[in-house]
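Peer 1: Dropping a structure here in structure tokens format, bear with me for questions.
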Amino acid sequence: MTEQRLDATGLQGGYGGADVLHGVDLRVDPGEIVTIIGPNGAGKSTALKALFGLVQVHTGRVAYGDTDITHLMPDRITRLGIGYVPQERNVFVNLTVHENLEMGAYIRNDDISGHLARIYDLFPPLKEKRKEAAGLLSGGQRQMVAMGRALMLDPAVLLLDEPTAGLAPAFVDLIFERVQEINRAGIGILMVEQNARHALEIADRGYVLVNGANAFEDTGANLLANREVAEAFLGG
Amino acid sequence: MLEFVNFYLIPGLVLGSIYALGAIGVSLIFGILRFAHFAHGDMMTLGAYFALPFIVTLGFSPYLALPVAMLGAVAAALLIDRLFYKPLRAQPSIILLVASFGVALMIRAAIQFVWGPHSHVYASGFQMPLVFSGIRVAERHIYIVGLCILLVVALHLFLTRTKTGKAMRALSDDPDLARITGINTERIIAWTWALGAMLAGCAGVFVGMDTHVTTLIGWNMLLPVFAAAILGGIGKPYGAIAGGLVIGLAEEVSAYPVFGNEPLLDPTYKSAVAFAIMVAMLLWRPSGLFRGRVY
Numbered sequence: 014m015t016e017q018r019l020d021a022t023g024l025q026g027g028y029g030g031a032d033v034l035h036g037v038d039l040r041v042d043p044g045e046i047v048t049i050i051g052p053n054g055a056g057k058s059t060a061l062k063a064l065f066g067l068v069q070v071h072t073g074r075v076a077y078g079d080t081d082i083t084h085l086m087p088d089r090i091t092r093l094g095i096g097y098v099p100q101e102r103n104v105f106v107n108l109t110v111h112e113n114l115e116m117g118a119y120i121r122n123d124d125i126s127g128h129l130a131r132i133y134d135l136f137p138p139l140k141e142k143r144k145e146a147a148g149l150l151s152g153g154q155r156q157m158v159a160m161g162r163a164l165m166l167d168p169a170v171l172l173l174d175e176p177t178a179g180l181a182p183a184f185v186d187l188i189f190e191r192v193q194e195i196n197r198a199g200i201g202i203l204m205v206e207q208n209a210r211h212a213l214e215i216a217d218r219g220y221v222l223v224n225g226a227n228a229f230e231d232t233g234a235n236l237l238a239n240r241e242v243a244e245a246f247l248g249g
Numbered sequence: 002m003l004e005f006v007n008f009y010l011i012p013g014l015v016l017g018s019i020y021a022l023g024a025i026g027v028s029l030i031f032g033i034l035r036f037a038h039f040a041h042g043d044m045m046t047l048g049a050y051f052a053l054p055f056i057v058t059l060g061f062s063p064y065l066a067l068p069v070a071m072l073g074a075v076a077a078a079l080l081i082d083r084l085f086y087k088p089l090r091a092q093p094s095i096i097l098l099v100a101s102f103g104v105a106l107m108i109r110a111a112i113q114f115v116w117g118p119h120s121h122v123y124a125s126g127f128q129m130p131l132v133f134s135g136i137r138v139a140e141r142h143i144y145i146v147g148l149c150i151l152l153v154v155a156l157h158l159f160l161t162r163t164k165t166g167k168a169m170r171a172l173s174d175d176p177d178l179a180r181i182t183g184i185n186t187e188r189i190i191a192w193t194w195a196l197g198a199m200l201a202g203c204a205g206v207f208v209g210m211d212t213h214v215t216t217l218i219g220w221n222m223l224l225p226v227f228a229a230a231i232l233g234g235i236g237k238p239y240g241a242i243a244g245g246l247v248i249g250l251a252e253e254v255s256a257y258p259v260f261g262n263e264p265l266l267d268p269t270y271k272s273a274v275a276f277a278i279m280v281a282m283l284l285w286r287p288s289g290l291f292r293g294r295v296y
């Protein structure tokens, strides 16, 4: 996939009722790790979904390179090279790990054995469990399956919705490590994270959302050093 | 003992296999489209009638007419979906359920219109059963059960080995995630109808071979077929197979004279057995024996 800038400007919208987003700007340049942090209910996950066509956006624009993707359906956006990993219900529980990964490549008709091998290399625990139903895995392993599934299409940008939510500390470190490794392969990352400090440490840039709008935007290091951000959102 | 095998166990297995074919379809359709397809029985009837001219007029064997019945049922199911269910896809499932009830009546009326209201037989005359050391079994019963097993194995391979089959299971698992993944929902829905209709068409021909062909055969099977699907855990095609066999056996064996010479349950009440099992399951274990969906 050719790498292009994913750029959202002035997003307003929500799930049909009252708006959740009141003017959000987000940008991911090719190969960047960008993280979105902020308090509960700030609209972080909603903003991520808005980039992927899962939220009704009535004002604002999402562009991928020169393409306007604001009102495209998720399956079209997937085909353009943007992968999305939901926070919950992110695996097919009755399918095996292997079948989950195969489903990730549903729209491909070429040989996917190389991709499967690479994903098993990236997440060794999945190789052992490849024939087990994904519903029987731990939360961390499910997250690996979900990320692997999204990687089957060689996305240029990966959208991760709270990839470490509810995981044991050992898994949190592992997932962050894997995110960096995926990024080293040139894949841009945009992730929403509760684990704000850790996320900012590995991020090139970060956004702080409050009440559905941008509050701060800076490099990861600068946000970590920002007193105001630290006191309000990083637990002092 | 032989009497039990010949007159209760074997007919129960045959009936159970036929129920299983219907119940698999009901379960698959529920898993993908999320509604109870009340016209499923009449799709079986349709299969039985599609085979009729080939068997009676052209003199084909019922087994050769099976593909015709299957193809006819598939075509009918795809047409019905396009005309009646597709426009209602976004509606609550109760709307689709009621629509399917209307479709059931329409199919039956159309059959009566074309083939008349009276009953037909594929082949008249009595066939000598085969005897294996006292066990008497009609040749057609061996074929019916054998073909049911073949169909179930083929279905299993389809669901576990093909991309479309896996996508069908994925869509049944989580429609939202399937859409995000890029699975073409409408294509999978068409496949679901095709599979359900194929199995229903076969089941109809099997009933026709075993008894006679009337416009009500499918309607009469609807209750046991739903009972089987619920027993197996709705949305679980493998559970439906077990459910079908249990209901078929229970219906036949319920008439066995366990005490003295009187049947345990008068055969007139046979269909009440399926009903009783269904009610009991819904009360005490609504997810079925194999933990299907509960809605």
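These protein sequence lines are chains A and B, in that order. Convert by adding 13 to the 1-based position in the first sequence; the result is the number in the numbering used here. Convert by adding 1 to the 1-based position in the second sequence; the result is the number in the numbering used here. No residue lacks a Cβ here, since even glycine has one placed at the ideal position from N, Cα and C.
1. Restricting to runs no shorter than 3 residues, where is the beta strand (DSSP E) found entirely within the segment 74–145 of chain A?
2. Determine the closest residue to Y20 of chain B out of B:K164, B:H41 and B:F260, with distance taken between C-alpha atoms.
3. Which residue or residues does DSSP assign as beta-bridge partners of L19 of chain A?
4. With a CB to CB cut of under 6 Å and the five nearest residues on each side skipped, what residues in its chain are close to L236 of chain A?
5. Which same chain residues, not among the five before or five after Q128 of chain B, have their C-beta less than 8 Å away from its C-beta?
6. Could you say if the segment 69–84 of chain A and the segment 144–164 of chain B meet the contact criterion of at least three C-beta pairs nearer than 8 Å?
7. Determine whether the beta carbon atoms of I16 of chain B and E253 of chain B lie at a separation below 8 Å.
8. What separation, rounded to the nearest whole angstrom, lies between the Cα atoms of V1 of chain B and A49 of chain B?
9. Out of B:P93, B:P12, B:I33 and B:I136, state which residue places its alpha-carbon closest to the alpha-carbon of T1 of chain B.
10. Take the Cβ of Y296 of chain B as the centre, count every other Cβ of all protein chains shown within 10 Å, and call the residue buried at 16 or more, exposed below.
11. Starting from the beta carbon of T59 of chain A, find every residue of chain B whose beta carbon is closer than 8 Å, and list them in chain order.
12. Determine the DSSP secondary structure at D167 of chain A, reduced to helix, strand or coil.
13. Give a yes or no on whether 8 Å exceeds the smallest Cβ distance from I195 of chain A to chain B.
14. So L178 of chain B contacts chain A; which residues on that side make the cut at Cβ distance below 8 Å?
15. So which of A:G225, A:I188 and A:G96 has the shortest CA-CA distance to T177 of chain A?
16. Could you tell me the boundaries of the alpha helix (DSSP H) in which I181 of chain B lies?
17. Hey, is V168 of chain B's beta-carbon within less than 8 Å of any beta-carbon in chain A?
18. Among residues of its own chain, excluding the 5 on either side of W194 of chain B, which ones have a beta-carbon nearer than 7 Å to its beta-carbon?
19. Using DSSP with H/G/I as helix, E/B as strand and the rest coil, what is V68 of chain A?
20. Mark W285 of chain B as exposed unless 16 or more other C-beta atoms lie within 10 angstroms of its C-beta, in which case mark it buried.
21. Suppose the cutoff is 7 Å on Cβ atoms and the five residues either side in sequence are ignored; what does the same chain contact list for F8 of chain B look like?
22. Quick check: the segment 111–125 of chain A against the segment 48–63 of chain A, are there 3 or more CB pairs under 8 Å?
23. Out of curiosity, what's the CA-to-CA distance linking A238 of chain A and E244 of chain A?
24. Three Cβ pairs or more, each shorter than 8 Å: is that satisfied between the segment 226–245 of chain B and the segment 261–268 of chain B?
25. If we cut at 8 Å on Cβ distances, does Y296 of chain B have a partner in chain A?
26. In chain order, what residues of the same chain lie with their CB nearer than 7 Å to the CB of A181 of chain A, ignoring the 5 residues before and after it?
27. Under the assumption that R180 of chain B contacts P87 of chain A (Cβ atoms under 8 Å), give the Cβ distance between them as a whole number of angstroms.
28. Which term fits R162 of chain A, buried or exposed, when burial requires 16 or more other beta carbons within 10 angstroms of its beta carbon?
29. When you compare only the Cα positions, how much space is there between S134 of chain B and V158 of chain A?
30. For R117 of chain A and chain B, any beta-carbon pair shorter than 8 Å?
31. Which residues, in order along the segment 179–194 of chain B, keep a beta-carbon less than 7 Å from a beta-carbon of chain A?
32. By DSSP, does Y28 of chain A sit in helix, in strand, or in coil?
33. So, L61 of chain A versus V221 of chain A, is the Cβ gap smaller than 8 Å?
34. Report yes if the C-beta distance between G23 of chain B and M222 of chain B is below 8 Å; otherwise report no.
35. In chain A, which residues lie with their C-beta within 9 Å of the C-beta of A375 of chain B?
36. Please state if the CB of V110 of chain A and the CB of R143 of chain A are separated by a distance shorter than 8 Å.
Peer 2: Straight from the coordinates:
1. 95–98
2. B:H41
3. A:V41 and A:Y77
4. L213, G219 and V242
5. A139, E140 and R141
6. no
7. In the sequence as displayed, the identity of residue 16 of chain B is Leu instead of Ile. Yes, the pair counts as a contact, with Cβ atoms nearer than the cut-off.
8. Not covered by the structure: residue 1 of chain B. The range shown for chain B is 2 to 296.
9. No statement about residue 1 of chain B is possible, as the shown extent of chain B runs from 2 to 296 and does not include it.
10. Interpretation of Y296 of chain B is limited by its pLDDT of 46, a score under 50 that renders its predicted location unreliable; the figure taken from the coordinates is listed afterwards. Exposed.
11. Those within 8 Å of T59 of chain A in chain B number zero; the least Cβ separation is about 15 Å.
12. coil
13. no
14. P99, R102, N103, V104 and F105
15. A:I188
16. P176 to T182
17. Rather than Val, the amino acid found at residue 168 of chain B in this sequence is Ala. Answer yes: the Cβ-Cβ gap between A168 of chain B and chain A drops below 8 Å somewhere.
18. A78, L79 and D82
19. coil
20. exposed
21. none
22. no
23. 10 Å
24. no
25. Only weak support is given to the placement of Y296 of chain B: the predicted model assigns it a pLDDT of 46, under 50, and the value that follows is read from those uncertain coordinates. False, the Cβ-Cβ gap to chain A never drops below 8 Å.
26. G153
27. 6 Å
28. buried
29. 56 Å
30. Here residue 117 of chain A is Gly; the residue named in the question, Arg, does not match the sequence. Answer yes: the Cβ-Cβ gap between G117 of chain A and chain B drops below 8 Å somewhere.
31. R180, I181, T182, G183 and I184
32. coil
33. no
34. yes
35. Examination of residue 375 of chain B is not possible in this model, given that chain B is present from 2 through 296 alone.
36. yes
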